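Just so we're aligned, residue 1316 is where the sequence shown starts under the working numbering, counting upward by one.
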Amino acid sequence: MTIVLATAKFYGNVLVYSEGTSTADNEVVVQSGSIIQFNTFEIMSTAGAMDVTVSLDGTNYSTAPLSLTDMGAAASAPVIVSVANRVYGFKGYFAKIRVLQNGSTGLTAVSLICGRDFV
């Protein structure tokens, strides 16, 4: 089991977690700190499949993954498991976010961008 948690960097009003990797199913590759000030999120990996769970109180996490929108599709149904090299988005107010490996194919170059939609 080899996990490299994604590292967090602020770029103005945007928080970016990047370069996370993992090798086993259900390993946590991104464990956010408090992200309550953000409401718009995008994720991507260059290899492997991911799912996203969230916490509303900062302690307890959802047992079912969030629905993700494929940002590169003209029309598609929401998915709960990502595919490599695609950008997925989701919106909401959460205390914390976890991104986990889904399946046996290792995750590479996992990125999570946290932003704020002011509309």
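Built from N, CA and C at the ideal position, the CB exists for glycine as well.
If you're wondering where the values come from, they're calculated on a predicted model, not measured in any experiment.
Requested in this report: Give the straight-line distance between the Cα atoms of residue 1398 and residue 1363, rounded to the nearest whole angstrom.
Outcome: As a working mapping, residue 1398 is identified with position 83 in the sequence shown. As a working mapping, residue 1363 is identified with position 48 in the sequence shown. CA-CA distance, residue 1398 to residue 1363, rounds to 7 Å.
Query raised in the report: How would you label residue 1324, buried or exposed, when you count the other beta carbons within 10 angstroms and need 16 or more for buried?
Result: Numbered from 1 along the sequence shown, position 9 holds the residue referred to as residue 1324. Flag for residue 1324 reads exposed.
Query raised in the report: Beta carbon of residue 1358, beta carbon of residue 1394: below 8 Å?
Result: Position 43 of the sequence shown, counted from the start, is the residue given in the question as residue 1358. Position 79 of the sequence shown, counted from the start, is the residue given in the question as residue 1394. No, the pair does not count as a contact, with Cβ atoms beyond the cut-off.
Query raised in the report: Beta carbon of residue 1400, beta carbon of residue 1340: below 8 Å?
Result: Within the sequence shown, residue 1400 is the residue found at index 85, counting from 1. Within the sequence shown, residue 1340 is the residue found at index 25, counting from 1. Not closer than 8 Å, so no.
Query raised in the report: Would you say the region 1375 to 1385 touches the region 1344 to 1355, given that touching needs at least three Cβ pairs under 8 Å?
Result: Counting Cβ pairs under 8 Å, fewer than three are found: no touch.
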